[in-house]
Every structure is written in structure tokens, then in C-alpha cells.
Amino acid sequence: QVHVVESGGGLVQAGGSLRLSCAASGSTLAIGDMGWYREAPGKKRELVATITGGGRIIYADSVKGRFTISTDNAKTALYLQMNSLKPEDTAVYYCNVPYGDKPWYYWGQGTQVTVSS
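Residue numbers for the sequence shown follow my numbering, so the first one is 2 and each next one is one higher.
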């Protein structure tokens, strides 16, 4: 069983930055789509950024130019660098990542990001 852990959330003032991390200890990300999603109170979970299996990077319009999705060279973790944060970025952020030969897709437990005005 793969246990995906996210970290890096917290409370930050508008204009500040946070870096989210997502990884399963001892495991390497498989080839496949991987991404970050967020869920704000009263709203549906939405895609924030994704790296497709072919290496294409896609961002939600609301975060373009402010957020950057990436992996490390060893493909052990997925990151989301968030700059110029706005109060409307406040949400629980989840990663969805592939592991194994099939691959199987796993969700992290979520990390809270709160941006104060």
C-alpha cells in the first residue's frame, strides 16, 4: 500500500509564497499524469496544475504566472511552488500521483493553505 504524504501548507499573508510537496516514502513516481487540486469550502475540487504523462504542463487560468508545478530529477516527489498568493487561493490542496506498473493513482491526505488579506 502506497501512503502519499503532502506537506508545506500553512497560513500566509497575501502576496506571500508557499511550496507544497507530495511524496510516498521510498517510492518513485510512475509515468502518468500527476497534479495538484484544491477544494475550497462550499466548492468542488478543482484542478490547479498538472504534468501529463507526455510532459505537458497545464495550469488553471487562475494560477497561471503565479504557481509552478515540478518534480525532482529522481521523480521521488511532486512540488507546487505558489507565489503571489491571494485570499481566493485559500483551500485544502491535494496531490494525485501515479505509482506502480499499471500505474495506480493515489491521493494525498490534503494540506490546508490559508491566505489572509
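Ideal placement from N, C-alpha and C gives every residue a C-beta, glycine not left out. Owing to the predicted nature of the structure, the values given are computational and were not obtained by experimental measurement.
Proximity of A25 and V49 at Cβ, strictly below 8 Å: Taking the sequence shown and counting its residues from 1, one reaches residue 25 at position 24. Taking the sequence shown and counting its residues from 1, one reaches residue 49 at position 48. No, they are not a contact pair.
Endpoints, beta strand (DSSP E) assigned at S22: On the sequence shown, residue 22 is found 21 positions in, with the first residue counted as 1. Unbroken beta strand (DSSP E) run through S22: 19-25.
Can the beta-carbon of Y38 be found less than 8 Å from the beta-carbon of Y95? Against the sequence shown, residue 38 aligns to sequence position 37. Against the sequence shown, residue 95 aligns to sequence position 94. In this structure, Y95 lies closer than 8 Å to Y38 by Cβ.
Please state the DSSP three-state secondary structure of S99. Looking up residue 99 in the sequence shown gives position 98. The sequence given here has Pro at residue 99, not Ser. Shown here, P99 sits in a strand according to DSSP, grouped into three states.
Reference G27, options Y106, A78, Q113, closest by Cα: Working through the sequence shown from its first residue, we reach residue 27 at position 26. Residue A78 is the option with its Cα nearest to G27.
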